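To start, the structure under review is shown below, and the notes come after it.
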Ligand code: PLP
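In this note's numbering, the protein residues as written are 17 to 432.
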């Protein structure tokens with residue numbers, strides 16, 4: 017298995033060396049060198065993650081927690097190693113506070129379903145924000161339908177930042193949970209999550225942080241931030257699809273009922289009564305994506321080796337450069353200009369629909385996202401049906417930004 021040998025954290029990120037670890041970055045798309053700028057949708061995978069997946073199926077495959085034989089034991093050890101790695105990566109107090117899920121969406125649904133069943137009562141309130149991805153809206157609407165609770169929504173300012181005063185005003189004695197994104201996928205806004213958590217905790221309100229866009233780019237210390245729940249997806253942080261993490265404090269995970277019933281999540285079963293397994297098994301019914309979980313460890317190891325601070329510094333430089341360059345293009349408007357932003361550049365052009373922009377860019381080998389980014393309420397807030405979004409990660413370069421900018425000039429020349 018290849019291990020990247022990268023320089024110590026103080027030095028800037030060696031992008032060419034990083035790129036060499038990602039086989040897909042060498043392909044052509046539409047006959048042009050691929051410029052992959054859709055990282056907020058999903059990230060590409062380093063060779064170590066790809067190899068971990070094939071090694072698993074070639075030499076390690078067995079079902080976990082079920083057999084006494086060699087392969088079952090080996091698979092179980094590898095599976096639990098990822099849990100231990102995630103515990104360190106996110107600084108959870110206990111390994112059993114890390115629950116494997118299919119991704120951010122499932123993690124939120126798990127918590128929302130548990131709240132609907134055992135916490136929420138008619139008249140209770142859940143506080144969300146206008147910045148949320150549909151994954152952090154719809155599960156709460158379903159929970160409200162089941163329980164009679166209501167959603168309260170924190171507005172955002174013109175720059176795409178949370179209206180903090182409004183947030184404070186929305187917290188009250190009826191608030192049972194704050195569920196809020198750490199980083200906006202559509203605009204890149206980084207929310208001041210520690211302050212948000214502190215304000216909620218002062219009133220005894222628990223907080224769920226949607227970390228889908230934070231975990232790939234920011235050092236997440238769940239104990240330091242103090243959140244009660246944190247969710248993320250492996251596939252956005254260099255790992256496989258179909259795997260994610262729900263972190264919950266032991267107290268909360270013990271309190272919530274199981275999400276799904278099945279094998280592995282029980283202690284004893286009779287037709288009269290079933291008792292639950294201890295954490296984390298209580299929330300991990302059935303056979304999971306074992307290969308995906310095993311390979312996810314290698315993604316976190318890779319991010320650790322490169323260093324999230326160094327990655328964030330690199331992305332910041334690239335997105336700042338890109339923002340300066342695109343603002344030179346007449347008729348282009350950047351949406352989302354928060355002071356604290358991750359590597360996301362959302363924009364509209366007066367001459368072309370975002371889908372036309374996406375199509376022209378695609379013909380140049382450039383992958384961006386055009387659409388509502390699963391954030392329709394946020395699009396509505398800015399009076400647009402959709403935006404074009406370039407999102408950057410550790411392997412993107414200034415040269416790729418230049419290719420993007422010249423293709424945007426081409427869009428303008430074709431449509432204006
Ligand atoms: N939340 C945010 C902020 C996201 O950006 C995404 C995906 O783009 C999700 C939730 C849903 O993640 P997944 O589809 O991996 O479950």
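Where is the CB? At the ideal position from N, CA and C, for every residue including glycine. These numbers were taken from a predicted model, which means no experiment stands behind them.
Is residue i near the ligand PLP, judged by its Cβ being under 6 Å from some heavy atom?
i           : result
residue 283 : no
residue 249 : yes
residue 388 : no
residue 489 : Only positions 17 to 432 of the chain appear in the structure, and residue 489 is not among them; the question remains open.
residue 119 : yes
residue 477 : Since the first and last residues shown for the chain are 17 and 432, residue 477 lies out of range.
residue 149 : yes
residue 229 : yes
residue 201 : yes
residue 197 : yes
Is the beta carbon of residue i sitting closer than 7 Å to the one on residue j?
i           : j           : result
residue 244 : residue 222 : yes
residue 356 : residue 206 : yes
residue 195 : residue 144 : yes
residue 241 : residue 192 : no
residue 230 : residue 249 : no
residue 270 : residue 190 : no
residue 201 : residue 389 : yes
residue 385 : residue 54  : yes
residue 381 : residue 33  : no
residue 421 : residue 343 : no
residue 110 : residue 296 : no
residue 224 : residue 127 : yes
residue 306 : residue 95  : yes
residue 65  : residue 314 : yes
residue 259 : residue 309 : yes
residue 76  : residue 56  : no
residue 417 : residue 338 : yes
residue 169 : residue 178 : no
residue 293 : residue 283 : yes
Can you give the beta carbon distance from residue i to residue j, rounded, assuming they're within the 8 Å contact cut?
i           : j           : result
residue 359 : residue 407 : 6 Å
residue 263 : residue 106 : 6 Å
residue 147 : residue 394 : 6 Å
residue 261 : residue 80  : Their Cβ separation, rounded to whole angstroms, is 17 Å, which puts residue 261 and residue 80 out of contact at 8 Å.
residue 399 : residue 203 : No, residue 399 and residue 203 are not in contact; Cβ-Cβ is about 14 Å, not under 8 Å.
residue 311 : residue 256 : 5 Å
residue 120 : residue 151 : 6 Å
residue 443 : residue 300 : This structure cannot settle anything about residue 443, because the visible part of the chain is limited to 17 through 432.
residue 39  : residue 63  : 6 Å
residue 403 : residue 364 : 6 Å
residue 235 : residue 325 : 7 Å
residue 432 : residue 347 : 7 Å
residue 70  : residue 253 : No, residue 70 and residue 253 are not in contact; Cβ-Cβ is about 20 Å, not under 8 Å.
residue 132 : residue 163 : 5 Å
residue 383 : residue 52  : 5 Å
Using 7 Å as the limit for Cβ to Cβ distance, is residue i near chain C?
i           : result
residue 417 : Chain labels in this structure do not include chain C; a single protein chain is all it has.
Which residue spans inside the region 238–320 form an unbroken beta strand (DSSP E) run of at least 3? DSSP runs (the beta strand (DSSP E)) wholly in the region 238–320: 245–249, 260–264, 282–285 and 290–292.
Alpha helix (DSSP H) segments (min. 4 residues) lying fully within the region 173–212: As far as the region 173–212 is concerned, its whole alpha helix (DSSP H) runs of at least 4 residues are 180–186.
Any beta strand (DSSP E) of 3 or more consecutive residues that is wholly inside the region 343–425: Counting whole runs of 3 or more residues, the region 343–425 contains the beta strand (DSSP E) stretches 348–351, 360–365, 385–387 and 403–407.
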